[in-house]
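Enquirer: Numbering (UniProt numbering), first residue to last: 1 to 868. Quick reminder that beta carbons are idealized off the backbone N, C-alpha and C, glycines included. The structure under discussion is supplied below as structure tokens; questions concerning it will follow.
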């Protein structure tokens, strides 16, 4: 047996091998030690190898899924080996085979997948001889839905693209030497899998085509290399062909409003800054009734669109569902429609993933039952969507969804006939195929279940034959059929009675007639289970050709669910439809932060105007005054508008957007050796390099990570560059008061501030955006509210008064002075004087007579470097 195990382990390679033995999956040798540590299992021993005990650990086969979930969560890939031979007829070890490979990116089982998030696997290819014009190829596959996409990008944008895709696993060539920052499992595969001919041949064979021209990917050679390697790897992990992957889609970055990893993090789209799932923008607006709707809405948030046409189509659909039609806009009618649709959508299971598992032959009976019930609900949903679409002829998206809600022909009828009303969870348990679907199965079931009349008849005959009044004929799962006689009458049983079991007060026997019946019944049970398994497999074969159509229906249900969720949220929270302008600009009247307004009792709405004549707003005001909230609010409203959602405002007009950038908050990268200031400057450099007149830029307190004057100089220059060169729409929050003079030099900038006032009880933050710069920073008052000791506050107040009386300049807003020019000159003179003193001391310490010509030349260069 161990020879068989070692052969299969060699086939599994570095994967953790779960080796089926009876009712357990066992692990041996290093796998056992590793598995026991990862899963907190008891490590035991089985036999020995060269005199050394063999480590062993195992998990029950019926609980395997929960252990798989733990392994995958830790980024571990697993090979599952099953018994495929019959132990009763096998000579030697039962035949076994690796039937499934589970990796973090190739999950399809419902128990292992997050319900509301995609779990994809990506492959990356970078040409070996890459020049500046070379592009990296990326392919990614959502195995649970069959979505297969490719893209290309500049090599230095590879990390950002991977963060956008957010895969659970990335495949890279063994010799690539890539340093990726994305946190996910990485798998090295042979470089020849990425070779152009190999990759293209694999894709052509899978799609059964002569060329890839029909998929519009001919201009993506690097992406094709990645796609071929990815499909090859994914096929190896599955026991069956990937028949549900019937297309490959070119995903071009120019379609989307791009956001780098820092922006996605700072805007808290699907994760808070601390890594929690709520409260985030997604958690607030996700009122979807189905997991597939939630996943689609999540994708929309991470992929806002540049093109107005699809955005307006979604927006129109949302508006139509809210108003019901242009003539009847009463809230009761719209509410009734939305409630009815949500009620029907709640009846739907995860059709998208069920369709995939049917194609992979891994679907479970109860999933087919839920699919059957869902198909019954689809006509009602389709009728309601059609009615809504007819009320607004411009709501073309609703009409398109309605047309796709038609289930595949014959599927519902087939499932109604084939699947029991309440099937068992697993085919091996029986009771899956409905009565009446197969005559042979019904006959076998009748033999194995209709025992009552035979047993009663046999009992009556045996009592009459033996004269034993205590005789009973019974059955249990452990001992099968038996005749039970009390201990007092056991000496009177006939000779053909064979003892089967002795109890305290009775004896149990079997007779030739009863044994023959038992064999017939048990044989019928085995044959019934085998027949049922065969019928289930035949049913999946019949369903397979319908999967493309079912996947399209599932996609329509997901799209409808996402739109209904947006409509439901907009109606309940007084959101409005934004206008999509043709010129760069953002105009928001009485805007609100979609997440913060749900967390507090009263939110103060604010306006925002950004356009070519007012491209940069210098935002000042006290800490805790709401500057960061205001900036994020503007970005989130713009993003919501670009996914087709209504927005939290009284009115809004959002012009074209190509990118959203944020430089907010302080963080460092200890692992990468980058300080807070270095991180700040790296992000600022990316913004200056990539932002355009159609970009939205948020910058919060840039320059604070270094000395005051260095920070002020950098902040001023960055702001000026954004206005004069990039011309990006910019919100620039700062505590450097001097930057409020920028509008005096640049006419397309303006000052706004977050208002605050003082009362007898302390500072009051009004959270209201007003025109003009702030007058004070209220830093000491904020410190007092934070709990700084009173003695420290009094000392700080005296120090503030002293500095202000001396006119000491400082760039900290409102804390003390107006300008810095004189002090800057004084500091420059001091630095020059110090440099000259250092140079003089170095010359004094030189002894020319002791220097060789080479040393003298080196000393001269060192002195030159000391010049101010």
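I want to know whether the segment 117-125 touches the segment 220-240 - three or more CB-CB distances under 8 Å.
Expert: Touching, yes.
Enquirer: Check whether the Cβ atoms of residue 168 and residue 119 lie closer than 7 Å to each other.
Expert: A contact, by the Cβ cut-off of 7 Å.
Enquirer: According to DSSP, simplified to helix, strand and coil, what is residue 246?
Expert: Three-state DSSP puts residue 246 in coil, outside helix and strand.
Enquirer: Measuring alpha carbon to alpha carbon, tell me which of 723, 242, 655 ends up nearest residue 742.
Expert: It is 723.
Enquirer: So, do the segment 232-247 and the segment 135-147 have three or more beta carbon pairs nearer to each other than 8 Å?
Expert: The segment 232-247, when compared against the segment 135-147, does touch it at the 8 Å Cβ threshold.
Enquirer: Hey, how far is the Cα of residue 938 from the Cα of residue 378?
Expert: Here the chain comprises residues numbered 1 to 868, so residue 938 is not present and cannot be evaluated.
Enquirer: Report the CB separation of residue 17 from residue 79 in whole angstroms; it is logged as a contact under 8 Å.
Expert: Correct: roughly 5 Å between the Cβ atoms.
Enquirer: Reducing DSSP to helix, strand and coil, say where residue 49 ends up.
Expert: Three-state DSSP puts residue 49 in a strand.
Enquirer: Tell me whether the beta-carbon of residue 490 lies closer than 7 Å to the beta-carbon of residue 470.
Expert: No; because the gap between Cβ atoms is not below 7 Å, this pair is not in contact.
Enquirer: Would you mind stating whether residue 739 and residue 266 have Cβ atoms separated by less than 7 Å?
Expert: The answer is no: Cβ separation not under 7 Å.
Enquirer: Take residue 624 and list the residues in its own chain whose beta-carbon comes closer than 7 Å to its own, dropping the five residues that flank it on each side.
Expert: Cβ within range, chain order: 765, 782.
Enquirer: Roughly how many angstroms separate the alpha carbons of residue 424 and residue 362, rounded to a whole number?
Expert: Distance between the alpha carbons of residue 424 and residue 362: 15 Å.
Enquirer: Counting along the chain, where does the beta strand (DSSP E) carrying residue 501 start and finish?
Expert: That run of the beta strand (DSSP E) goes 498-502.
Enquirer: Can you list, in chain order, the residues of its chain with a C-beta nearer than 6 Å to that of residue 173? Leave out the 5 residues immediately preceding and following it.
Expert: Closer than 6 Å at Cβ, skipping near neighbours: 191, 194.
Enquirer: Taking only three categories from DSSP, how would you classify residue 611?
Expert: Of the three classes helix, strand and coil, the one that applies to residue 611 here is strand, per DSSP.
Enquirer: Measure the alpha-carbon distance for residue 69 versus residue 112 and round it to whole angstroms.
Expert: The straight-line gap from Cα to Cα measures roughly 5 Å.
Enquirer: Mapping the DSSP letters down to three states, classify residue 861 as helix, strand or coil.
Expert: Note: residue 861 maps to helix in three-state DSSP.
Enquirer: So what does residue 454 bridge to, in DSSP terms?
Expert: None, per the DSSP bridge assignment.
Enquirer: Using three-state DSSP, classify residue 505 as helix, strand or coil.
Expert: If DSSP states are grouped into helix, strand and coil, residue 505 belongs with coil.
Enquirer: Within the continuous beta strand (DSSP E) that includes residue 81, where are the two ends?
Expert: Its beta strand (DSSP E) spans residues 78-83.
Enquirer: Between which two residues does the beta strand (DSSP E) containing residue 850 stretch?
Expert: Premise fails: residue 850 is in no beta strand (DSSP E) and is neither H nor E.
Enquirer: Nearer than 6 Å: is that true of the beta carbon of residue 22 relative to any heavy atom of the ligand SAH?
Expert: The ligand SAH is not part of the structure shown, which contains no ligands of any sort.
Enquirer: Can you tell me where the alpha helix (DSSP H) holding residue 233 begins and where it ends?
Expert: 221-237 is the extent of the alpha helix (DSSP H) around residue 233.
Enquirer: Based on DSSP bridge pairs, tell me the residues matched to residue 733.
Expert: According to DSSP, residue 733 bridges with 619, 700.
Enquirer: Can you give the Cα-Cα distance for residue 121 and residue 185, rounded to whole angstroms?
Expert: So the alpha carbons of these two residues sit roughly 9 Å apart.
Enquirer: Measure the alpha-carbon distance for residue 534 versus residue 75 and round it to whole angstroms.
Expert: Going by the C-alpha atoms only, they are around 36 Å apart.
Enquirer: Leaving out the 5 sequence neighbours to the left and right, which residues in its chain are closer than 7 Å to residue 251 when beta-carbon positions are compared?
Expert: Within the same chain, residue 251 has close Cβ partners 149, 150, 151.
Enquirer: If you scan the segment 754-799 from start to end, which runs of the alpha helix (DSSP H) of 4 or more residues do you find wholly inside it?
Expert: Within the segment 754-799, the complete alpha helix (DSSP H) runs of at least 4 residues are 779-785.
Enquirer: Could you tell me the distance, in whole angstroms, from the CA atom of residue 511 to the CA atom of residue 473?
Expert: Spanning the two alpha carbons is a distance of roughly 11 Å.
Enquirer: Would DSSP call residue 282 helix, strand or coil?
Expert: In this structure, residue 282 counts as helix in the three-state DSSP scheme.
Enquirer: Among 431, 348, 549, which residue has its Cα nearest to the Cα of residue 531?
Expert: Closest option to residue 531, Cα to Cα, is 431.
Enquirer: Which residue from 47, 749, 506, 701 puts its Cα closest to that of residue 733?
Expert: Taking only the C-alpha atoms, the option nearest residue 733 is 701.
Enquirer: Classify residue 382 as buried or exposed, calling it buried when 16 or more other Cβ atoms lie within 10 Å of its own Cβ.
Expert: When all chains shown are included, residue 382 counts as buried.
Enquirer: Reducing DSSP to helix, strand and coil, say where residue 480 ends up.
Expert: It is a strand residue.
Enquirer: Does the beta-carbon of residue 475 have 16 or more other beta-carbons within 10 angstroms, so that it is buried, or is it exposed?
Expert: Exposed is the call here.
Enquirer: I'd like the span of the alpha helix (DSSP H) that includes residue 8, first residue to last.
Expert: Per DSSP, residue 8 belongs to the alpha helix (DSSP H) from 2-12.
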